[in-house]
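The structure appears right after this line, and notes come after that.
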Amino acid sequence: MTLFSTFFRHLAALVGGGFALVATLFLPTSASAQSDTTRLYQFAIHEDIMPSTANLVRNRLADAEAMDADAILIDMKTYGGLLDAADSIRTMLLNCPRPVWVYVANQAASAGALIAVAADSIYMQPGSSIGAASVVDQNGNLMPDKYQSFMRGMIRSTAEAHGKLPVVQAGDTTWVWHRDPAIAESMVGTYSDTGDSLRVVTFTPEEAVEAGYCEGIFPTIESLHKATLSEPYDVVVYEPTLLDKWLGFLTNPAVQGVFIMLIIGGIYFEMQSPGLGLPSVVAIAGAALYFAPLYIGGLLEYWELAIFLVGVVLIFVEIFVTPGFGVAGILGILGIVVGLTFSAIESDLLRYIPTGEISIGYIVAPLCTTIVAVVLATLFCIFFGGRWLKGSSPLRNKVVLSAEMVTDGGFASHEQSLNILVGARGTTTTTLRPAGRVMIDGKSYAATTEHGQFIANGKEIKVVRVETGTLYVTDF
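According to the numbering used here, the sequence shown is numbered sequentially starting from 207.
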């Protein structure tokens with residue numbers, strides 16, 4: 207399996223490198239800003255906070271560092287997501303050496319609130335809100351208090367990380383929190399005096415300004431640019447590259463279904479016409495187009511690819527080694543389905559299903575895509591394969607070697623050449639149990655006893671019939 211993993215890793219890197227080359231050749235690059243120009247790097251989070259979002263933020267912060275941006279602006283619109291993904295983003299923002307701003311365009315709820323609090327500056331659009339950071343399951347029900355306690359501590363320490371500011375009143379200097387940790391904690395929720403209810407805070411833009419959790423209210427993100435950036439300034443907005451769009455197209459469930467059909471169809475037709483031919487190329491191409499984008503996107507694990515390859519091997523074992531339909535065939539089909547399904551799933555998210563943070567539907571959707579594609583491919587192969595390989599379709603002669611090697615054409619089969627040995631006598635050169643080898647007229651032949659009996663080495667035998675290229679013999 208190591209050989210397959212190494213081969214696929216290089217194949218995926220080659221495919222990804224090709225995509226990146228195309229993106230480099232055909233995508234325009236931003237013009238270099240002059241040294242006295244303020245450069246702002248901007249990207250959007252308009253999605254649930256998931257591990258993929260953490261990867262997005264990590265890559266975008268690296269881009270900002272590479273272009274030596276003066277500040278980073280996150281255009282945020284989210285209702286929340288997974289806590290550990292939000293914690294990863296929070297840590298990246300707190301450790302970022304460049305100023306990070308967040309513009310709340312609609313909502314910064316739950317995990318989004320934690321991320322916003324980690325930013326150096328928060329700006330909000332009229333009508334937006336921030337807060338409601340309690341930990342809930344996929345149905346919106348509050349998780350046990352240990353989850354709430356952990357979230358309260360995390361958001362409180364995030365607010366404390368921004369430090370204190372000196373405030374001079376009546377000649378006295380007082381140090382106050384830039385962001386009050388107690389207010390941050392109230393976004394997760396504080397219990398009433400009786401302890402029987404949880405009060406959760408969500409701020410409007412005006413309330414957030416008053417509480418020190420918003421530096422300004424702007425109707426558009428462009429108005430924020432004009433108010434906060436000194437002239438001249440250059441705003442570099444991240445847009446998905448050609449590579450991103452291409453990978454997004456290849457990982458579309460409908461397109462993935464087509465690739466699965468190519469894999470199944472290629473395997474089926476290759477088994478019908480042994481040898482490394484066009485069906486093998488189609489199956490390998492389908493597998494590369496299915497797995498490579500998932501590998502580049504960080505979804506594919508080696509164990510998922512290994513399960514798929516084991517499933518394919520078991521199918522071949524079932525057909526060529528142990529004909530029939532038994533354990534190997536069932537396990538092979540199961541391995542192919544499991545490998546294809548779990549390759550399209552972010553494995554790290556599976557641990558959230560038992561806790562209820564993610565529903566079982568996260569697995570059901572790719573599973574249905576895989577099963578439907580496999581069933582359609584199987585039906586297609588059975589129907590069209592019968593016509594192309596054995597029927598009278600005009601395409602048959604173009605895709606199948608249909609010429610027959612008949613005796614009238616000067617061809618003689620191996621079995622026909624053996625028929626002259628019927629009635630011949632010889633001697634066993636190995637013990638027949640019931641198969642072995644015999645010597646007839648100075649030539650060695652493979653032979654099987656007629657009724658499966660045991661014939662010792664050195665015994666005389668007689669050929670009684672020839673069938674499928676095998677000599678059937680009896681002793682005297």
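Every residue, glycine too, gets a C-beta built ideally from N, C-alpha and C.
Secondary structure note for residue 362: its alpha helix (DSSP H) is the uninterrupted segment 351–366.
For residue 544, the uninterrupted alpha helix (DSSP H) segment begins and ends at 533–549. Residue 409 and residue 361 have their C-alpha atoms roughly 15 Å apart. If you check the CB distance, residue 670 and residue 656 come in under 8 Å.
Around the beta carbon of residue 294, 16 or more other beta carbons lie within 10 angstroms, which makes this residue buried. Proximity of the region 310–330 to the region 269–284 meets the contact definition, three or more beta-carbon pairs being nearer than 8 Å. Residue pairing by DSSP places residue 649 opposite 646 in a beta bridge. The DSSP-derived three-state label of residue 586 is helix.
Within the DSSP bridge table, the entry for residue 330 names 310 and 423 as partners. A check of alpha carbon separations from residue 498 across 456, 476 and 469 identifies 456 as the nearest. Taken in chain order, the complete alpha helix (DSSP H) segments of 4 residues or longer contained in the region 243–274 are 257–272. Residue 667 is positioned such that its CB atom lies no closer than 8 Å to that of residue 676. 8 Å or more divides the Cβ of residue 442 from the Cβ of residue 264.
Looking at the backbone, the Cα of residue 342 and that of residue 366 are separated by about 24 Å.
By the 16-neighbour rule on beta-carbons within 10 angstroms, residue 682 is exposed. A direct Cα-to-Cα measurement between residue 645 and residue 520 gives close to 38 Å. In this structure, residue 423 sits near residue 332, with a CB-CB distance shorter than 8 Å.
Its chain contains 280, 282, 322, 325 and 328 as the residues whose beta carbon lies nearer than 6 Å to that of residue 308, once the 5 sequence neighbours on both sides are disregarded; these appear in chain order. Taken through DSSP and simplified to helix, strand or coil, residue 374 comes out as strand. Sequence-distant Cβ neighbours of residue 269 in its own chain, meaning closer than 6 Å and more than five residues away, do not exist here. In the displayed model, residue 409 falls within a strand according to three-state DSSP.
Distance between residue 474 and residue 547, taken at the CA atoms: about 20 Å. Rounded to the nearest angstrom, the gap between the Cα atoms of residue 566 and residue 290 is 19 Å.
Contact annotation: residue 658 and residue 633 have beta-carbon atoms that are not nearer than 8 Å. Between residue 575 and residue 459 the beta-carbon gap is near 5 Å, inside 8 Å, which marks them as a contact. Taking a contact to require three or more Cβ pairs closer than 8 Å, the region 366–386 and the region 430–446 do not qualify as touching.
Per DSSP, reduced to three states, the secondary structure at residue 472 is helical. In the structure shown, residue 451 adopts helical secondary structure according to DSSP, grouped into three states. At a Cβ-Cβ threshold of 8 Å, residue 550 and residue 500 count as neighbours. Taking 8 Å as the cut-off, the beta carbon of residue 319 is found closer than this to the beta carbon of residue 337. Per the coordinates, the alpha-carbon of residue 469 lies some 55 Å from the alpha-carbon of residue 396. Boundaries of the beta strand (DSSP E) harbouring residue 279: 277–284, taken from the DSSP string. Contact between residue 504 and residue 586 is absent: CB atoms are separated by about 32 Å, not below the 8 Å threshold.
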